[in-house]
Amino acid sequence: MKACLLGSTGVVVETSRLQRLAYNAAFEELGLDLYWNVAAYCSLLRIPGEIRRLELALGDEAPMGLADEAFTMQRKHFTRIAEGGLQLRPGIADVIGFCKRNDIRLGWVTTEDSALVDLLLERTVGIDESTFDMVLSEDDVGADKPDPAIYHHALSILEENPVNVIAVEDTPLGQSAALKAELQCYLYAGEYAMVENNVLATRDIYQAITRAHSLWGHGDDLPGAMPIPTNANLL
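Just so you know, we're using this note's numbering here: the sequence shown kicks off at -10 and counts up by one.
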């Protein structure tokens, strides 16, 4: 295994609850009769793009520009909430350490905006810009997941065959983008992700990554060594 791509902000930091709270604070400040409970927000996360979710929630009758205003307000509240510091998700610090020790290049490949990525790098305990060999955001491609463009771009930068790279996503939507780029992709589901049967789902991302590395082997001349079998018995 030559590289590991952490494929969203939610893989690294569990932000969904905080994002939901920030949205509701924004709706209240704007005087909107709108509130996203957990069930509503879980359903909305199936839709790619923050602005698109807001547009659908606000409806066709909403004034032009209201979705953008609500998003800007939400980001203000999220920044305030994050002031106390954020924590890495369980196992992510171990994955980072494992990649460093084994010369596995580590990328953070998200289609969130760069301002959010920068905020998380600044406020999350245990990571900064130097943690990753590559950080990509929506500024680098013009398409949201499940479009695989961000992964194709990452592979181009790495100059690696997809069989030498593993991805990790926190939603089925993101996972489908990685799979379309011919990457094996573990689903390390976030608290708000709606997940059905998924053979590559795991609750222990560190164990999954170390096992993947052992399956791949270390032969530089092999055409990708051994991919994870699709019937892998994962935790």
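Positions of the beta carbon are idealized from the N, C-alpha and C atoms, including for glycine.
Roughly how far, in whole angstroms, is the beta-carbon of residue i from the beta-carbon of residue j, given that I think they are within contact range, below 8 angstroms?
i, j, result
"Pro137", "Ala156", "Contact flag wrong, Cβ pair sits at about 10 angstroms."
"Leu55", "Ile116", "Wrong, their Cβ atoms sit about 34 angstroms apart, outside the cutoff."
"Val114", "Gly74", "6 angstroms"
"Glu118", "Leu110", "6 angstroms"
"Ala104", "Leu144", "Contact doesn't hold; Cβ gap of about 25 angstroms is too wide."
"Leu108", "Tyr140", "So it is not a contact: roughly 23 angstroms between Cβ atoms."
Who are the Cβ neighbours of residue i in its own chain at under 7 angstroms, not counting the five residues just before and after it?
i, result
"Glu180", "Glu3, Ser5, Arg6"
"Ala11", "Gln63, His66, Phe67, Ile70"
"Ala190", "Leu176, Ala178, Val184, Leu223"
"Glu39", "Phe60"
"Leu168", "Cys174"
Following the continuous alpha helix (DSSP H) through residue i, name the residue where it begins and the one where it ends.
i, result
"Gln8", "5 to 18"
"Gly86", "81 to 90"
"Leu205", "It should be pointed out that residue 205 corresponds to Trp in this sequence rather than to Leu. Here the alpha helix (DSSP H) through Trp205 covers 194 to 205."
"Arg64", "55 to 70"
"Ala119", "At residue 119 the sequence reads Ser, which differs from the Ala that was named. Counting along the chain, Ser119 falls outside any alpha helix (DSSP H), and DSSP gives it neither H nor E."
"Asp107", "103 to 112"
Identify, in the order they occur along the chain, each residue of the same chain with its Cβ nearer than 6 angstroms to the Cβ of residue i, setting aside the five sequence neighbours on each side.
i, result
"Ile198", "Val84"
"Thr160", "Ala182"
"Leu(-5)", "Val1, Trp97, Val157"
"Asn220", "Caution applies to Asn220, whose pLDDT of 35 falls short of 50 and renders its modelled position unreliable; the value that the coordinates give is listed next. Excluding sequence neighbours, Asn220 sits near nothing in its chain."
"Arg9", "Trp25, Tyr30"
"Leu231", "No statement about residue 231 is possible, as the shown extent of the chain runs from -10 to 224 and does not include it."
"Val130", "Ala138, Ile139, His142"
Might you give, ordered along the chain, the residues of its own chain that have their beta carbon closer than 8 angstroms to the beta carbon of residue i, omitting 5 neighbours on each side?
i, result
"Ala59", "Tyr12, Ala15, Phe16, Leu19, Leu21, Leu43, Leu47"
"Lys(-9)", "Ile93, Arg94, Leu147, Glu149, Asn153, Val154"
"Pro212", "At Pro212 the pLDDT is 33, less than 50, meaning the model places this residue with poor confidence and gives no usable figure here."
Please name the residue in the options whose C-alpha comes closest to that of residue i.
i, options, result
"Trp97", "Tyr175, Leu189, Ile146, Thr(-2)", "Thr(-2)"
"Tyr195", "Val152, Cys88, Arg94", "Cys88"
"Cys(-7)", "Thr120, Arg112, Leu34", "Thr120"
"Asp133", "Lys(-9), Cys31, Ile36", "Ile36"
"Asp128", "Val106, Leu147, Pro79, Gly(-4)", "Val106"
"Ala82", "Leu23, Val130, Leu147, Val1", "Val1"
"Cys31", "Val124, Met53, Leu162", "Leu162"
"Pro79", "Arg200, Cys174, Ala201, Arg192", "Arg192"
"Ala201", "Met53, Asn91, Asp49", "Asn91"
Just to confirm, does residue i get its C-beta within under 7 angstroms of one of the non-hydrogen atoms of the ligand MN?
i, result
"Lys89", "Ligands in the displayed structure: none, and consequently the ligand MN is not present."
Note the first and the last residue of the continuous beta strand (DSSP E) segment covering residue i.
i, result
"Arg94", "94 to 98"
"Ala(-8)", "-8 to -5"
TODO: May I have a chain-ordered list of the beta strand (DSSP E) segments no shorter than 3 residues that lie completely inside the stretch 123 to 172?
DONE: 123 to 125, 154 to 158
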